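In what follows, a structure is listed as structure tokens, so that the remarks can point back to it.
Written out as structure tokens, the structure reads:
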């Protein structure tokens with residue numbers, strides 16, 4: 001394939017994607033809420049509110065980055081907001097209605113409207129709220145919105161193979177483990193990370209919703 005043919009193919013692909021965007025509009029500033037949690041668009045002004053949570057060292061044990069000071073959180077939020085402006089992700093501040101305070105961040109990421117898929121990730125929650133049910137309430141709000149409002153065909157989640165707590169939490173919300181990407185990332189400490197991929201599909205959601213979440217009355 002010559003250069004001209006490659007350029008023409010790329011141009012055609014861009015035109016197709018732009019065509020479909022006209023018919024598939026996605027809200028990148030939604031507010032999600034249930035009885036336990038409020039998820040609202042992350043903003044640069046949230047730095048001060050989130051800083052006491054963000055600098056908790058255990059949150060970054062398995063992360064691909066760390067936040068230890070205000071400037072790093074500012075950079076983190078600026079990057080997330082930039083991704084939203086480019087329609088690549090939908091970042092949220094997590095507000096725990098039971099504790100009546102900001103509890104962390106999460107987002108829809110790797111958003112691909114034309115293929116109706118997204119990932120739930122970049123989630124970090126105040127360590128004092130781990131095991132409180134907040135994460136499950138938050139995931140329910142996002143899964144429900146993703147499948148029932150955004151019309152997604154697939155929602156995926158991924159985590160470090162060594163992060164047993166995260167893997168168990170993902171399984172507990174009804175996700176299916178699909179496989180392990182070996183040597184997928186280089187993480188702090190120059191460690192080669194294997195990444196475990198999970199997903200829920202649109203046709204699986206009604207059963208998962210009833211089996212996993214109905215008893216919580218979120």
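Residue numbers (full-length UniProt numbering): 1 to 218. For each residue, glycine too, the CB sits at the ideal point set by N, CA and C. Since this is a predicted model, take the numbers as computed values, not measurements.
Asked, Found
"Out of 66, 111, 210 and 78, point me to the one whose CA is closest to residue 155's CA.", "111"
"Taking contact to mean 3 or more Cβ pairs, one atom from each stretch, closer than 8 angstroms, check whether the segment 122–142 and the segment 83–103 are in contact.", "yes"
"Could you tell me the distance, in whole angstroms, from the CA atom of residue 140 to the CA atom of residue 133?", "11 angstroms"
"Bridge partners of residue 37, per DSSP?", "96"
"Along the chain, where does the alpha helix (DSSP H) that runs through residue 144 open and close?", "134–148"
"With DSSP as the reference, identify every bridge partner of residue 156, one or two as the case may be.", "119 and 199"
"Determine the closest residue to residue 137 out of 186, 200 and 213, with distance taken between C-alpha atoms.", "213"
"What's the C-alpha gap between residue 108 and residue 83?", "11 angstroms"
"According to DSSP, is residue 77 part of a helix, a strand, or is it coil?", "helix"
"Tell me which same chain residues have a C-beta within less than 7 angstroms of the C-beta of residue 135, skipping the five on either side of it?", "125 and 169"
"Three-state secondary structure (DSSP) at residue 192?", "strand"
"Using CA atoms only, rank isn't needed, just tell me which of 57, 120 and 165 is closest to residue 152.", "120"
"For residue 22 and residue 206, I'd like the C-alpha separation in whole angstroms.", "Reliability fails at residue 22, whose pLDDT of 44 lies under 50, so the model's placement of it is uncertain and no value is given."
"Measure the CB-CB distance between residue 32 and residue 39 and report whether it falls below 8 angstroms.", "yes"
"If you check the beta carbons only, do residue 194 and residue 161 fall under 8 angstroms apart?", "yes"
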